[in-house]
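Numbering (the numbering used here), first residue to last: 1 to 89. The C-beta atom is built at its ideal place from N, Cα and C for all residues, glycine as well. What you are looking at is a predicted structure, and each value in this text was computed from that prediction instead of being measured. Presented below is the structure to which this report refers.
Here it is as structure tokens:
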């Protein structure tokens, strides 16, 4: 199982400071296809249409990268500073 913490911080267009946190999980092996899960930890954090993203190749690492890219591209998250911690304690 591979997990990651994704934190986004910055200033919105209206000048408001923002902090958003997500937890990402992939539990299917280091190669092949599978799904990652996106768990929002901040109230009101934007979410993709699906809370699970599927990859056809690349294993858990590719699934977590796909989830992080999907989150960063969401309206409201674009342009925010992103910090990722893989297997956070």
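Rounded to whole angstroms, residue 62 and residue 38 show a C-alpha spacing of 14 Å. Straight-line measurement puts the Cα of residue 71 at about 11 Å from the Cα of residue 64. Around the beta carbon of residue 79, fewer than 16 other beta carbons sit within 10 angstroms, so the residue counts as exposed. Scanning the region 14–88 from its first residue to its last, the whole beta strand (DSSP E) runs of 3-plus residues come out as 17–26, 34–40, 52–55 and 81–86. By the beta-carbon neighbour count (other beta carbons within 10 angstroms, threshold 16), residue 41 is exposed. About 7 Å separates the beta carbon of residue 2 from that of residue 87, a gap short enough to meet the 8 Å contact definition. Note on geometry: alpha-carbon atoms of residue 5 and residue 19 lie some 13 Å from one another. Contact between residue 74 and residue 46 is confirmed by a C-beta separation of about 4 Å, below the 8 Å threshold.
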